[in-house]
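Data first, discussion second: the structure below is written as structure tokens.
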Amino acid sequence: MELFLSLVDDAFFSAIPAIGFALIFNVPKRMLVLCACGGAIAHSLRTLVMHSGVSIEWASLVASVTIGLIGVYWSRRYLVPRPVFTVASVIPMIPGTFAFKTIIGVFTLHDGGYSAEVMASVLENGLATLFILMALSFGLALPSILIYRFRPIV
Amino acid sequence: MELFLSLVDDAFFSAIPAIGFALIFNVPKRMLVLCACGGAIAHSLRTLVMHSGVSIEWASLVASVTIGLIGVYWSRRYLVPRPVFTVASVIPMIPGTFAFKTIIGVFTLHDGGYSAEVMASVLENGLATLFILMALSFGLALPSILIYRFRPIV
Amino acid sequence: MSTPSPRIISNEQQTDIVRLVVQTGMRLQQHGAESKLVEQTSSRLGLALGLDSVEIALTANAIIVTGLYQGRCITTTRRVFDRGINMHVVCEVQRIVLLAEKQLLDCDLVKDRLERISAFKYNRWLVVFMVGLSCASFSHLFGGDWTVFAMTFIASAFAMIVRQELAHRHHNPIFNFGVTAFVATLISSLAVRFNLGNQPELVMAASVLLLVPGFPLINAVSDFVKGHVNTGMARWGMATLLCLGAASGIALAMALTGVRGWV
Amino acid sequence: MSTPSPRIISNEQQTDIVRLVVQTGMRLQQHGAESKLVEQTSSRLGLALGLDSVEIALTANAIIVTGLYQGRCITTTRRVFDRGINMHVVCEVQRIVLLAEKQLLDCDLVKDRLERISAFKYNRWLVVFMVGLSCASFSHLFGGDWTVFAMTFIASAFAMIVRQELAHRHHNPIFNFGVTAFVATLISSLAVRFNLGNQPELVMAASVLLLVPGFPLINAVSDFVKGHVNTGMARWGMATLLCLGAASGIALAMALTGVRGWV
């Protein structure tokens, strides 16, 4: 039950950034709901998968592959290109804090001089940022390179 | 007074490399004086700004933005493209020693095996090199991306 | 793909078709479509309008199209300027191409429709509000309480206003990202200074997330994976530069206020 | 930009103009102008000579130009070889374009003038002397005394002679940088071995500074910032390779002499 509540919270608060970024990308109005759904599904799925003990990168990959597949379905149904929904949907999973900590770490290394701890923090956060980003973007591309190799989706 | 003398020394010994590199770049004869002035102004300005407590990256940025702006003026006056003066003028501020120490550090890491101190030196020098280079080159571009967004300078 | 009925195309018509193809590709690339979509969609238009084959070379900021018809080939190139991501335009262009493929639009109609596509934009205050809420939601997802939520909303909404204002005046995007990050960090450093909320550093981290270059990054990887290495590297480079711009803005704000987030 | 008076252009004339445009762009790019300058200057020439619009696609080592006039388009491409940085040529080309824009030069005169531009070079001994003095000045700026100054002058002057000699024989620039750095480091390591001056290591650091790839680096960032990501990355890659070449030369000399600068 507690897990369920936290998943609902997760879903709600990741639907909002999905819509927010969809507005920045000027996604057509009638697709906004799909972006919100996509964002909610992706992030809460990732939380669920992580809850079962999978690490954040692999969980991100699972979530983004799922969104990629849902995107194929929506894309064929509404006859619009896939990135219209998928990119906004994965935005809530972008590793913002990791990236921020990496940058702050680099500044600290430069200003305050080298220290092993700061270096460790930069490396750990930097690698996490990189791996999660790769999982997200590669996951989105997977359906089209696996299934739709020879013909366009729409 | 001491500051003034050191600034004069600075200006003189950075005018020389500005001319030297202007010769390598085959800058037309009548522009050589401008390159010398640019080099002298840029480096002594940076020394002055650093003297007031600003770090070397931001001081480099200030100096290169100044050169970029002066370059706009000269460029419009003599009807020649801006890089003709500006590149040679910022050459004296290129972080030569930092870059050199970084390279030597990498060699030492390779030959002598990893050691935390050498790694620290590589990182600190490498970051300084990178930040100063970015400040210099971005600073030169700034006037044209801020003021001359829609039309050519000359 | 449908096989278009064979028809005779004059030299002028061929020129017109090639021009439509290049314009389609240009619009798609200008508004943030990935390279494969650009290539596929515009070559489909050319085939639908009766060319024998369409060959497209994409670079990071130009598109080169050759249209072949019965051994005649016409080549043209266009410079592509980045006009900001606009999925509305991408959808509209795609729809026109689909209609042309079903032979519902001829050359003139396609031209007409393409010219009539305007870059639809959402009301700016709606965007400001939603983007503020988005960053606030990020801070909630990262574990912030409601004070952090409110502070993040304020900081990122102001930052978004700055970003829109600068974009409206056609300022350079890297510069724009730097200034926006500077404003966001400046406002959110207040939270750290006055120690508001359970984790005031979260405000600083979350309020700059409106600058995540999501489209360039994902398009970059997509291009890479599908073999468009050159445009992929260009997009990746642009995403990196935008991040660097934002990082410089953060650095400047931190240097001025002396407030630092973590570590 | 001046608005050219309307005039009739035949197909042949259009071809001629496009050829002049592509040659202008080629010469600028060959001699180290940044991409925006190349694009802007050559498209201005096309407009000044009467074309309706000029579209230019730049890649790292080729230029593709389409010139449009009343619906007719002519496209041509040229391979661009790096001929070394020469600001004299860039200035001359820019001047011709400015004159053409003021309608003081017609197509034939522009052609004539463009062909007459020769790549002016300074007297090589003057360059050797001034470059030696430049590196010596660097050593002074870094805090070296007059012995260091003199040693740096000698090392870098010799290195510059080697660099010119190799460049004159059209050797590969990366190889050239390696050999030059090797010579500079070999000579300057004498200062460290015999412990000359207050900081003999400075001689080693300063004498290789004649190899700083200033133009590629600054042009790279300039291209990046102005949206020419592809050419920017190519320039950045070239600058990195030149640095790597120089670093290998330094490494080889240090391995042979056993003398090392700092750490």
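Chains as they are written, first to last, in the UniProt record's numbering: chain A, 1 to 154; chain B, 1 to 154; chain C, 1 to 263; chain D, 1 to 263. For every residue, glycine included, the Cβ atom is placed at its ideal position computed from N, Cα and C.
What three-state label does DSSP hand S2 of chain C in the structure shown?
The predicted model places S2 of chain C with a pLDDT of 46, which falls under 50 and marks its position as unreliable; any figure quoted below should be read in that light. Coil at S2 of chain C, not helix or strand.
Could you check whether the Cβ of A116 of chain B sits closer than 8 Å to any Cβ belonging to chain A?
For A116 of chain B, the answer is yes, since a Cβ of chain A falls inside 8 Å of its Cβ.
Bridge partners for V65 of chain D per DSSP, in chain order?
D:I56 and D:T76
Closest to I94 of chain A by C-alpha separation, out of A:L7, A:F150 and A:L61, would be which residue?
A:L61
Which same chain residues, not among the five before or five after S188 of chain C, have their C-beta less than 6 Å away from its C-beta?
A155, V203, M204 and S207
Taking the alpha-carbon of G143 of chain C as reference, which of A:D9, A:L32 and A:A22 has the nearest alpha-carbon?
A:D9
Could you run through the region 122 to 152 of chain B and flag, in chain order, every residue whose CB is less than 8 Å away from some CB of chain A?
L123, E124, L127, A128 and F131
Quick check on T147 of chain D - is its C-beta less than 8 Å from some C-beta in chain C?
Not an interface residue.
CB-CB under 7 Å to L142 of chain B, same chain, minus the five flanking residues each way: which ones, in chain order?
V65 and G68
Against chain F, does V212 of chain D count as a neighbour if the rule is that its beta carbon must be under 8 Å from one of theirs?
Here the protein chains are A, B, C and D, and chain F is not one of them.
Tell me, please, whether the CB atom of K102 of chain C is closer than 8 Å to any CB atom in chain A?
no
Is the CB-CB distance between T102 of chain B and G126 of chain B below 8 Å?
Taking 8 Å as the cut-off, the beta carbon of T102 of chain B is found closer than this to the beta carbon of G126 of chain B.
Can you tell which of A:L136, A:F138 and A:T97 has its C-alpha closest to the C-alpha of residue 156 of chain A?
Residue 156 of chain A lies beyond the residue range present for chain A, which begins at 1 and ends at 154; the question has no answer from this structure.
In angstroms with no decimal places, state the Cα-to-Cα distance between F224 of chain C and Q29 of chain C.
16 Å
If you count every other CB in all the chains shown that lies within 10 Å of the CB of F158 of chain D, and 16 or more means buried, which is it?
F158 of chain D should be labelled buried.
On the CB-based measure, 16 or more other CB atoms within 10 Å of its CB, does W74 of chain B come out buried or exposed?
buried
Could you spell out the range, first to last residue, of the alpha helix (DSSP H) harbouring L49 of chain C?
Unbroken run through L49 of chain C: none, as it is neither H nor E.
Quick check on Y148 of chain A: does DSSP put it in helix, strand or coil?
coil
For the alpha helix (DSSP H) that contains D9 of chain B, what are its first and last residues?
E2 to I24
Can you give me the Cβ contacts of A57 of chain C inside the same chain, cut-off strictly under 6 Å, excluding the 5 residues immediately before and after it?
I64
Alpha carbon to alpha carbon, what distance is there between R79 of chain D and W125 of chain D?
33 Å
Is the CB of F142 of chain C under 8 Å away from at least one CB in chain B?
no
Have a look at C:L241, C:R44 and C:Q199 and flag the residue whose alpha-carbon is nearest the alpha-carbon of R151 of chain A.
C:R44
Shortest alpha-carbon distance to V87 of chain A belongs to which of C:Q13, C:G46, C:P213 and C:V127?
Of the listed residues, the one whose Cα sits closest to V87 of chain A is C:P213.
A181 of chain C and L211 of chain C look like a contact to me (Cβ under 8 Å); what is the Cβ gap, rounded to whole Å?
Confirmed, about 6 Å.
Measure the C-alpha to C-alpha separation of L196 of chain C and F153 of chain C and round it to an integer number of angstroms.
14 Å
Here's the rule: buried if 16 or more other CB atoms are within 10 angstroms of the residue's CB, otherwise exposed. What is M130 of chain C?
buried
How many Å lie between R169 of chain C and R163 of chain C at the Cα?
10 Å
List the residues of chain B that G38 of chain A touches, going by C-beta distances under 8 Å, in chain order.
Within 8 Å Cβ-Cβ: nothing; G38 of chain A doesn't reach chain B, min ~36 Å.
Give the single residue among C:A220, C:L256 and C:V127 whose Cα lies nearest to the Cα of T240 of chain C.
Checked all of C:A220, C:L256 and C:V127; the closest Cα to T240 of chain C is C:A220.
Output, in chain order, the set of chain B residues within a Cβ distance shorter than 8 Å of F175 of chain C.
L142, I145 and L146
Please list, in chain order, all residues of the same chain as L252 of chain D whose beta carbon is under 6 Å from its beta carbon, the five residues on each side excluded.
F182
Counting only Cβ pairs nearer than 8 Å, list the residues of chain C close to M233 of chain D.
Those within 8 Å of M233 of chain D in chain C are M233, A234 and G237.
With L7 of chain A and L48 of chain A assumed to form a contact (beta carbons below 8 Å), what rounded beta-carbon distance in angstroms separates them?
Confirmed, Cβ separation roughly 6 Å.
Does DSSP put N176 of chain D in a helix, a strand or coil?
helix
Just how far apart, CA to CA, sit G237 of chain C and V229 of chain D?
7 Å
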